[in-house]
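Novice: Be aware that the sequence shown starts at 1193, since it is given in the numbering used here, and climbs by one per residue.
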Amino acid sequence: MKNIKIQMNNISKVFETDEIETHALKDINVTIYEGDYISISGPSGCGKSTLLSILGLLDMPTKGEYYIEDQNVSSLSLDQAAEMRNSKIGFIFQSFNLIDELSVFDNVALPLRYQTKKVTKETITNRVNECLSLVGMSHRARHKPNQLSGGQQQRIAIARALVANPAILLVDEPTGNLDSNSGDQVMDVLEKLNEQGTTICMVTHDPRYADMAKIQLKLLDGAILTTPTLQEAI
Ligand SMILES: Nc1ncnc2c1ncn2[C@@H]1O[C@H](COP(=O)(O)OP(=O)(O)O)[C@@H](O)[C@H]1O
Ligand SMILES: [Mg+2]
1193 MKNIKIQMNN ISKVFETDEI ETHALKDINV TIYEGDYISI SGPSGCGKST LLSILGLLDM
1253 PTKGEYYIED QNVSSLSLDQ AAEMRNSKIG FIFQSFNLID ELSVFDNVAL PLRYQTKKVT
1313 KETITNRVNE CLSLVGMSHR ARHKPNQLSG GQQQRIAIAR ALVANPAILL VDEPTGNLDS
1373 NSGDQVMDVL EKLNEQGTTI CMVTHDPRYA DMAKIQLKLL DGAILTTPTL QEAI
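#1: Who pairs with G1282 in a beta bridge, going by DSSP?
#2: Does the structure place the region 1281 to 1294 close enough to the region 1224 to 1241 that three or more beta carbon pairs sit under 8 angstroms?
#3: Using only the alpha-carbon positions, how far apart do K1205 and I1212 sit?
#4: Roughly how many angstroms lie between the CA atoms of A1351 and L1370, to the nearest whole one?
#5: Thinking just about the alpha-carbon of each residue, which of D1398, H1397 and E1383 is nearest to the one in T1391?
#6: Mind listing which residues have their beta carbon within less than 6 angstroms of any non-hydrogen atom of ligand 2? Chain order is fine.
#7: For C1393, is the beta carbon positioned less than 7 angstroms from some heavy atom of ligand 1?
#8: Only counting runs of 4 or more residues, tell me where the alpha helix (DSSP H) segments fall wholly within the region 1257 to 1327, in order along the chain.
#9: CB-CB under 6 angstroms to H1215, same chain, minus the five flanking residues each way: which ones, in chain order?
#10: By the three-class DSSP mapping on this structure, what secondary structure does M1200 have?
#11: Ignoring anything shorter than 4 residues or poking outside the region 1230 to 1258, list the alpha helix (DSSP H) runs there in chain order.
#12: Just the Cα atoms here: how many angstroms apart are Q1345 and V1381?
#13: Could you work out which residue in S1341, C1393 and V1355 is closest to L1362 when comparing CA atoms only?
#14: Excluding five sequence neighbours on each side, which residues of the same chain lie with their C-beta closer than 7 angstroms to the C-beta of T1396?
#15: Please confirm whether any heavy atom of ligand 1 lies closer than 7 angstroms to the CB of K1236.
#16: Leaving out five residues on either side along the sequence, give the residues of the same chain with a beta carbon under 6 angstroms from the beta carbon of Q1408.
#17: Quick one: what does DSSP say V1395 is sitting in, helix, strand or coil?
#18: Tell me whether the beta-carbon of V1296 lies closer than 8 angstroms to the beta-carbon of R1319.
#19: Expressed to the nearest angstrom, what Euclidean distance is found between the alpha-carbon atoms of I1196 and G1239?
#20: Quick one, are the C-beta atoms of G1328 and S1374 less than 8 angstroms apart?
#21: Look at the Cβ atom of R1347, then the Cβ atom of V1378, and state whether they are nearer than 8 angstroms.
#22: May I ask you to list the residues that DSSP assigns as paired with Q1408?
#23: In three-state DSSP terms, what is A1415?
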C-alpha cells in the first residue's frame, strides 16, 4: 500500500466580496498517493488556481479538512503554514520567478539556505548539483537566469522546487510562457521526475499536457467531475 501524501475531505472555498458570494470550490475530495502524477484541468474560473493555492497552503479553505502526510493542516496559523509550505511543498509557476542577480546555482540553493534547520555548505553543494543534473542543467550552474532560454529557466525553477525534498510538487501552467518545443522539454523533465518517484500535481488548461498525467481530474464550477484513484485508473 502506498503512502498517502495529500488528503482533502470536503474542502469548500467561498469568496465574499461586497454583496457577492463566490463558491469557488464545493466539497472537494482528493487523495494523492506517493508517486502519483495528477493533472487538474477545466475552463477558466472553475477553481483550478484556488485549489492549487489551498493545496500549497497559500490560502485556507472555508470548510473541510486537509492533511499533508498525516498532519492536519486545515487550521494552521500563518507562520505554521509558511513553515509547512517551505518544508513540504515545491512550487513551479508559469512565470519562472528566478532571481536574475543570483547565479543558477544560488537560485536553486535558496530554499535550503532559508530552511530553519541548518544545512552544511557541502550538503547544499551536493544537493544543488544533484537537482541540476536531474533537470539536465549542470553545465549552466554559473550562468545567470537571463542568459538562458525560457525552457532552461523553467528547468532551473524545477530544480529549485525539488531541492528541499518536498512531499509534493505543485505545478501551475508550467508551459504557459514557453514555445511548444521548450514546453515539451519541460513536460519531459516532469515525466522523468515522476518516473523516479516524485509526486506531482499540475494545473493546466492544455488538454495535451493534462493527458500526460496518470490521473486526470476535471473541475467544473468548483466541483470535481471524476475522481479516479490511481488504483482504479490502472
Ligand atoms: N480572491 C478572490 N476573491 C473573490 N473571488 C475570487 C478570488 N479568487 C478567485 N475568485 C473566484 O473564484 C472562482 C474560481 O477562480 P480560480 O480558482 O482563479 O479559477 P481558475 O484558476 O480555474 O481560472 C472564479 O469565479 C473567481 O472569480
Ligand atoms: Mg487560474
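For every residue, glycine included, the Cβ atom is placed at its ideal position computed from N, Cα and C.
Specialist: Based on what the coordinates show:
#1: Taking the first residue of the sequence shown as position 1, residue 1282 is located at position 90. G1282 pairs with L1361.
#2: no
#3: Reading the sequence shown from its first residue, position 13 is the one you call residue 1205. Reading the sequence shown from its first residue, position 20 is the one you call residue 1212. Computed Cα separation, rounded: 14 angstroms.
#4: In the sequence shown, the residue the question calls residue 1351 occupies position 159. In the sequence shown, the residue the question calls residue 1370 occupies position 178. Using only the alpha carbons, I get a separation of about 17 angstroms.
#5: Here residue 1391 is taken as the residue at index 199 of the sequence shown, counted from 1. The residue with the shortest Cα to Cα distance from T1391 is E1383.
#6: K1240 and S1241
#7: Along the sequence shown, read from residue 1 onward, the residue named residue 1393 stands at position 201. Result no, Cβ not under 7 angstroms from ligand 1.
#8: 1270 to 1280, 1296 to 1305 and 1313 to 1326
#9: For the purposes of this step, residue 1215 is taken as residue 23 along the sequence shown, with counting starting at 1. Counting only Cβ-Cβ distances below 6 angstroms, and skipping sequence neighbours, we find V1206 and G1414.
#10: On the sequence shown, residue 1200 is found 8 positions in, with the first residue counted as 1. M1200 falls in the strand class under three-state DSSP.
#11: 1240 to 1247
#12: If you number the sequence shown from 1, residue 1345 lands on position 153. If you number the sequence shown from 1, residue 1381 lands on position 189. Going from the Cα of Q1345 to the Cα of V1381 covers about 13 angstroms.
#13: The residue you call residue 1362 lines up with position 170 of the sequence shown. With distances taken between Cα atoms, L1362 lies closest to C1393.
#14: Taking the first residue of the sequence shown as position 1, residue 1396 is located at position 204. Contacts found: S1231, S1233, E1365 and A1402.
#15: Residue numbering aside, residue 1236 sits at position 44 when the sequence shown is read from its first letter. As written in the sequence, residue 1236 is Ser, which differs from the Lys given in the question. Yes - ligand 1 has a heavy atom lying nearer than 7 angstroms to the Cβ of S1236.
#16: By 1-based counting over the sequence shown, the position of residue 1408 is 216. S1231 and A1402, listed in sequence order.
#17: As a working mapping, residue 1395 is identified with position 203 in the sequence shown. Of the three classes helix, strand and coil, the one that applies to V1395 here is strand, per DSSP.
#18: Indexing the sequence shown from 1 puts residue 1296 at position 104. Indexing the sequence shown from 1 puts residue 1319 at position 127. No, the pair does not count as a contact, with Cβ atoms beyond the cut-off.
#19: Position 4 of the sequence shown holds residue 1196. Position 47 of the sequence shown holds residue 1239. Those two C-alpha atoms are separated by around 23 angstroms.
#20: By 1-based counting over the sequence shown, the position of residue 1328 is 136. By 1-based counting over the sequence shown, the position of residue 1374 is 182. No; because the gap between Cβ atoms is not below 8 angstroms, this pair is not in contact.
#21: To locate residue 1347, count along the sequence shown from 1; it is residue 155. To locate residue 1378, count along the sequence shown from 1; it is residue 186. Result yes, Cβ atoms of R1347 and V1378 sit closer than 8 angstroms.
#22: Position 216 of the sequence shown, counted from the start, is the residue given in the question as residue 1408. BP columns for Q1408 point to S1231.
#23: One-based indexing of the sequence shown puts residue 1415 at position 223. Three-state result, A1415: strand.
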